Structures are given as C-alpha cells and as structure tokens.
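One line per chain: the protein sequences are E and V, in this order.
Start counting the first sequence at 1; every next residue gets the next number (the numbering used here).
Start counting the second sequence at 346; every next residue gets the next number (the numbering used here).
2 protein chains.
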Amino acid sequence: MAMTRQRIRNMEEFAAISGISRPTVSKYFHDPESVRPSSRQRIEAALERYDYRPNVFAMNQNRKLTKNVGIVVPYLTDPFFAEIARTIEMRCVEAGFQPSLFSGYGSPEQEVAILDTLRSLKPAGVLLAPLGRASDKRAIERFCAEVPTVLFDSNMEGIGEAFVGSDNFSFVMQTVEYLCRTGEPPSFFEMKNPANPNANKRRAAYLTMMERQGIEPHIIQIDGTGWAFEEIGKQGALKVLAEKGLRTDTILCSNDRLAIGFLVGAFELGLKVGRSKGCNLRLASHDDHPFSRFTCPPLTTAAHDYASVSEGAVKTLIDLIEAGGKLPNRTEIVYPARLIMRESA
Amino acid sequence: MAMTRQRIRNMEEFAAISGISRPTVSKYFHDPESVRPSSRQRIEAALERYDYRPNVFAMNQNRKLTKNVGIVVPYLTDPFFAEIARTIEMRCVEAGFQPSLFSGYGSPEQEVAILDTLRSLKPAGVLLAPLGRASDKRAIERFCAEVPTVLFDSNMEGIGEAFVGSDNFSFVMQTVEYLCRTGEPPSFFEMKNPANPNANKRRAAYLTMMERQGIEPHIIQIDGTGWAFEEIGKQGALKVLAEKGLRTDTILCSNDRLAIGFLVGAFELGLKVGRSKGCNLRLASHDDHPFSRFTCPPLTTAAHDYASVSEGAVKTLIDLIEAGGKLPNRTEIVYPARLIMRESA
DNA sequence: TTCTTTATTTTACGCGCGTCAAAAAAGAAA
DNA sequence: TTTCTTTTTTGACGCGCGTAAAATAAAGAA
Chain E
1 MAMTRQRIRN MEEFAAISGI SRPTVSKYFH DPESVRPSSR QRIEAALERY DYRPNVFAMN
61 QNRKLTKNVG IVVPYLTDPF FAEIARTIEM RCVEAGFQPS LFSGYGSPEQ EVAILDTLRS
121 LKPAGVLLAP LGRASDKRAI ERFCAEVPTV LFDSNMEGIG EAFVGSDNFS FVMQTVEYLC
181 RTGEPPSFFE MKNPANPNAN KRRAAYLTMM ERQGIEPHII QIDGTGWAFE EIGKQGALKV
241 LAEKGLRTDT ILCSNDRLAI GFLVGAFELG LKVGRSKGCN LRLASHDDHP FSRFTCPPLT
301 TAAHDYASVS EGAVKTLIDL IEAGGKLPNR TEIVYPARLI MRESA
Chain V
346 MAMTRQRIRN MEEFAAISGI SRPTVSKYFH DPESVRPSSR QRIEAALERY DYRPNVFAMN
406 QNRKLTKNVG IVVPYLTDPF FAEIARTIEM RCVEAGFQPS LFSGYGSPEQ EVAILDTLRS
466 LKPAGVLLAP LGRASDKRAI ERFCAEVPTV LFDSNMEGIG EAFVGSDNFS FVMQTVEYLC
526 RTGEPPSFFE MKNPANPNAN KRRAAYLTMM ERQGIEPHII QIDGTGWAFE EIGKQGALKV
586 LAEKGLRTDT ILCSNDRLAI GFLVGAFELG LKVGRSKGCN LRLASHDDHP FSRFTCPPLT
646 TAAHDYASVS EGAVKTLIDL IEAGGKLPNR TEIVYPARLI MRESA
C-alpha cells in the first residue's frame, strides 16, 4: 500500500528520498533492469512508501523516441470506429506504448487541429483513419512527412508509410455471390456522395461482380450528408420503397449503418425483412457493425476482420517505428472479409 | 497560405524570425490583444510565412492554470458514452479548453492508470464518469483531492466537487406511469449485479412507483457480467420468455442496451413487440440510447437530457475552475428525463 | 595489494515554454 | 525639450525530466 506520508512532487524529490541520484531513478523508470540491484531495491522500497509516478509529458519532452502512439479516427460516436479504436488501444498498451485517442467528429478542421496537437505529443508513431474525401490532404501529407504514420480503414494514395485495412472487393464479392446464389440478385444501396473512399470501392466491386455474373447492375443512390447514416438509410428506404424503386426483393447496402436505417424504414412500412418464407425483402450489408447482430432481424453482413486489422495496424506501426520511421516502400495490407449469415438475408 | 520555407522548431526560432523576443511571442499566443499592435503585426506576418504552433504540452509544463480538461468515461464503445463524450468535448472546445478523452474500457486498473496520466497533463479540471461499483474508490478519492473534478453520469457519494447527471427517479416515474396508464403494469428487467449505481436507483424508483400505485412490483434479475449488455439482455429475454416468467405483457428494462437485446430475443422467439394490436409484448426502457430510435420497433424510452447534462457538467467544471478548484459545498445537479413514445410500448 | 577494465552513477546541460522582476520604450504632462 | 507614468519588452530562472560525457565504484587481473 503506497501511503502518502508526503506528496512527492517530482523525480528530484523522489530520488532524494530513496537516496539515489535522479538520473539513476530516471534510468530505473526507463528500464528497472538497467540499474544495480542494490539501487533497484532502494528505489522499489521508496516506491512502496511514497507513491510516485513520473510525469509522462515531461518525459517525452526531451526523449529521442517516446512511447506515445496517436490514434485518430473520423467519428468516435460510430461504434464501428469505437470498437476498432478499442482493440487498437489495447494492443498498443500490450506492446508497451501509451495510446492517445482522438476524434474529429467529422470536421476536417478538427482533424488538422488534432494532427497539430499530435505533433506536440512527439509520438513515436500515429495510426490515422482519415475522414476521407473531406480531409485536408495537404495537411495530412505534411503531417505524415514529419511523423511516422500508418493509415488504417480508409486509404489515401501515397500518403503515410503504410495502409492497413479491409479488402472491399472481398466484402462485396461474398455478399453478392451469396445473395445471387440463394435468391434474386441485389440492388446496391448507398449514399450519393459518400465521404469514405471505401464506399467507392464497394460500388466498383458490385459492378464488377454483377458483370461477372452477367446480371444488369442496379444502384440506388440516396441523398444525405453527414454522419447520421442510420437516419439517411431510413429516409432512403422510405423513399425507395414508396416509389417501388426496387428491381428485385434483394438489397445490398454499402454499409451496416445504412442497413440498420433501412430496416427501420421497411419496418415502418410493414414490410418483413428476412430470408425465411413470408418475408418481403432480403437485406444484406457490409462491416459487421457491433450492432448488426442485434437488429431485428439480425443482419447478414460481411465482417471486417477486426482482430487482424487492429493487430496488423499496430504491428505495422511498430515495425515502422523500429525501422526509424521510414519504410523502403509504402505497403498496403488488406484483410479479406468473412461472410456472416444471419436472418436478414 | 502558411508555406514552410524552413521548419520552425520552437518559439525561440519563431521569435527570432519575427524579430520579437520570445516572451513577447509567448504573450501573444496567450492573448494576441496583450501585445503592442506593431508587435502583433510582425508576429502575424511571420505566422503567415512560417507555420508555427506552440507545443501544447510544453506550454502546460510550467503554467499555473492550463486549459486542459480531462474527460474520462467507463466504456467508450458504448454509444451512450461516446455521444455524451462528443457533446462534452465540443462544449469544452467552445469554452476555449482543450479536452482529452480517455476510456478504461471497463477495467478498474485502466481507470486509475488514466487518472495517473491525467495528473501529468496538469488539467485545469476533469470530468469523470466513474466505472461505478468496480472503481478503486480510494484512488479516485485521492485523485479528486488533487485535481478539480466534476463527476458525471454516475455519482459517488462525497467524491469530487460536484456531480451532474440525470434524475433516475424521473426516468422510472415517467415510464412506469405511462405504462400503467396505457396498459398493464410493467415487470422490471435488469441485471442481477449492475456495475452502475444508476441501476440501483432505477430499481428503487420502480419499487416506489409501484407501491404508490398500489401494485405488486415484479423484478426480473438476469445473470451476466461485463459490458455486453445487449447479449445479456438477449439471453435474459430468451430465458424469461421460455420460462413464461412474465406476469403481464409489459416489460420495463433498466436501460436501452438491455432492451435492444431483449428485442432480439423476443424476435427470435417470434414474438411481436409493440403497442399496436396484435403485439405480444410491450417494452420500454431508459436512456434514449443513440440507437434506440433505430430498433425494430423503435424503443419507447425515457431520454437523458444529453444537452443539459453535458452543458451542465462543463459549466459546473468551469465554475469550479474559476473558483480555484474548490466549491463551498458539494453540489449535485440532476436533470429530469423526457419520455419518448415510440412503437415498442 | 595494486592496476585495469567495466559497470554505475553523477554532473551538467538541454527540451519548449511560462512567468516574474527589471529594463526599455512609448506616451503624457510640464 | 525634459520629466514622470504607463505600457511593453526582455533577461533570467524554473517546470519535470532525458541524456551524453565525466567521475566513481565494483570487479577482475596481475
């Protein structure tokens, strides 16, 4: 029990109390094995009596290589990003780094403000999931030139030392193949102006897949801006269903959040979604959003390999850091999706 | 366009370039109005040519009162906390503070680690939503004694300078009253060992409300630990419904996440939830979780006054900071809930 | 026991900036 | 123009810690 007989203000005070010089104490905190056992004992004895922890930010002030890692996501309120941020954070901690999490909540200005703050943090490296189209590319490029950065989730050509994400084609390939095999071919449901580059790749993949199967593609693009995807999906569904704008009974949403909204729209109109008999619609989607298993019906979707992406991203970043911040050539790692069949399709 | 002809490393370099002494530049960044117009012009001219930003962490190193604010939530992957963190963050930025967001993801050890990191940040104040029962009360108490802290969402008696949250009784009062008035009285559905103190208050409120109406209360407590409330709710629903453990057709969940799980369980068993004719169950809940309007059917729930809570928390913290970190007596502000009638009940 | 060699510790300085007291400049009054 | 005030600016030091080089202690060889 580290009792506080007296508050220790800094390493100097703590060193005085433990009877060791401050630099040695500093070495101890950097690596307890690096000091003589006798010193170590005295330090640890003092640590028992007075609880003291070095100031992380003062540590990084003058350190060549810090243990800080910045994690930047576009929108933390989206459980998809929250979940991937969580796993990445935990892996960073396991690897002995101290992660700091940031979200710009959809604002490009906030995004560059975060990068500026991050510079002050002198991170050993940064894991950045950029906003996408709305991002200030110049600012991000400049940042990546200064700080070892690995992009994840959404790629920006040539920016950052590496990219780790999911293989969008693999997502769409599996869902389209599954839907075509087990029923009518799907229409593709998406936002007209998606902010995220993955959306474009998924559309392209849909077109390719339909062409391969010799089926005329059908894309439904709905209006809406911002990050309220569920609401956008719902409104889109109400509109499309009212206009009878469907060609088949099967819909493939670009992502789960749109699908979640679509489900509500369909529900409101009294339509039954599912693959069983008596259902009016089949609905599938992509991402395996944390909530997609708790919708009614649960969503059939192509799942990110969350574990691999987060592990891969952190591993790539650590390699990058150990390589001194530069990689011989920009690597792109993408993990395939896994089809998850639930009730909705 | 701040072009970088030459990277500015620190304020010294920047001061040299702009032809002003460093301390004056420092003053400028603290308050541009505080320096002579001629100096200001020269600084801003230099700012146009060389983009430089002071190191935030070095700034705070030696500052009497920083502009840092720490925000700590128990589980950021829960959209409820993500949403409240987002609004709080934005209000802090508006008020001229720099928020840093932390989540312990349910781990008490992580929670105290975060508090230790926060000490290093020398925050002007901290907004803390503690884990609850699992928290290391001693550690939190010590922290609050050192750093001006306002608790939010979940209260801990006597800890922190103030508490801002929602009035649990108001939540339950409204849902119980509504359910009783429009149909059969509800059974109360909750976890057996809730980690969050709000859960206990809600149970107590349910008992009080039922007593007032002269109706025998009926509480269903389900097993489960951790933060996977939806799954717990689903399993609980499957069990309760299979055992026909309901007394009426109406269920009131302690919180929306349990309710979301309950909905899936009911769906799986082919039960229709809703207030319209032909439905088997009515289900209501508390929180107005961001997803509760996108469930099928959308959830009837008592909504947190998100805006008031976040505004009140930030305002209280700023008052606390301006009062020098101590308030004459510990204040507790709770905002009433607002009943939101949707399809589920 | 004495001299090397090597492992530790200490000395001294730096990181990027805040802040106070002293000095200089600007402005007002004479 | 000179003198006195009132800003501004600047010099000097400190924050809490990292780190290279110098000094010391421990260990081994002679």
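Idealized CB from N, CA, C, for every residue including glycine.
For clarity, every value in this text was computed on a predicted model and none was experimentally measured.
- Counting only Cβ-Cβ distances below 8 Å, V/A403 has contacts in chain E at Q61, S120, in chain order.
- Taking C-beta atoms as the reference points, V/A469 and V/F497 fail to come closer than 7 Å.
- Using a CB distance cut-off of 7 Å, E/T117 counts as an interface residue toward chain V.
- Closest option to V/M404, judged by alpha-carbon separation, among V/Q443, V/L608, V/L628: V/Q443.
- Of the candidates E/G325, E/A345, E/I340, E/A303, the residue whose Cα lies closest to the Cα of E/K64 is E/G325.
- Contacts with chain E at 7 Å (Cβ-Cβ) do not include V/V659.
- Between E/T301 and E/H286, the C-beta spacing is below 7 Å.
- Runs of alpha helix (DSSP H) with 4 or more residues, each lying fully within the region 377-404 of chain V, are found at 382-394, listed in chain order.
- Using a CB distance cut-off of 7 Å, V/E428 counts as an interface residue toward chain E.
- In the three-state reduction of the DSSP assignment, E/L121 falls in the helix class.
- For E/P79, a Cβ of chain V is located within less than 7 Å of the residue's own Cβ.
- Using a C-beta cut-off of 8 Å, the region 314-333 of chain E makes contact with the region 139-150 of chain E, since at least three inter-stretch Cβ pairs fall below that distance.
- For the region 619-646 of chain V, the beta-carbon criterion of a distance under 9 Å to any beta-carbon of chain E is satisfied by P635, F636, R638, F639, T640, C641, P642, P643.
- Boundaries of the beta strand (DSSP E) around V/G510: 507-511.
- For the pair V/N500 and V/A540, the Cα-to-Cα distance works out to about 12 Å.
- Across the structure, E/I88 and E/A313 are spaced so that their CA atoms are roughly 8 Å apart.
- Taking all protein chains in view, the Cβ of V/A549 is surrounded by fewer than 16 other Cβ atoms within 10 Å, so the residue is classified as exposed.
- Flagged as an interface residue toward chain E: V/Y450, by a C-beta distance shorter than 7 Å.
- For V/T432, the uninterrupted alpha helix (DSSP H) run begins and ends at 424-439, by DSSP.
- Chain-order list of chain E residues neighbouring V/I567: empty, with the shortest C-beta distance near 16 Å, by a criterion of under 9 Å.
- In this structure V/Q558 is exposed. Its beta-carbon is surrounded by fewer than 16 other beta-carbon atoms within 10 angstroms.
- In this structure, DSSP gives E/P99 an extended state, which the three-state scheme calls strand.
- For V/D632, there is no enclosing alpha helix (DSSP H); the residue is part of the beta strand (DSSP E) that begins and ends at 627-632.
- The CB of E/R53 comes closer than 7 Å to the CB of D461 in chain V, given here in chain order.
- With respect to chain E, the C-beta atom of V/I365 has no partner C-beta closer than 7 Å.
- Contact between the region 75-85 of chain E and the region 271-290 of chain E is present: 3 or more CB-CB pairs across the two stretches fall below 8 Å.
- Using a CB distance cut-off of 7 Å, V/E575 counts as an interface residue toward chain E.
- Listed along chain V, no residue sits closer than 8 Å to E/I251 by beta-carbon distance, the nearest being about 16 Å off.
- Neighbours of V/L608 in chain E, taken as residues at a C-beta separation under 7 Å, are given in chain order as C296.
- Classified as exposed, V/S379 has fewer than 16 neighbouring CB atoms from the shown chains inside 10 Å of its CB.
- With contact defined as three or more Cβ pairs closer than 8 Å, the region 216-229 of chain E and the region 267-282 of chain E are not in contact.
- Contact between E/A237 and E/G274 is ruled out by a C-beta separation of about 15 Å, above the 8 Å threshold.
- Here V/C598 carries a strand assignment [DSSP, helix/strand/coil].
- As computed with DSSP, E/M191 is found in a beta bridge with E/I222.
- Comparing alpha-carbon positions, the option among E/A337, E/C92, E/L47 lying closest to E/L317 turns out to be E/C92.
- For a Cβ distance threshold of 7 Å, residue set F294 of chain E lies close to V/I605, ordered along the chain.
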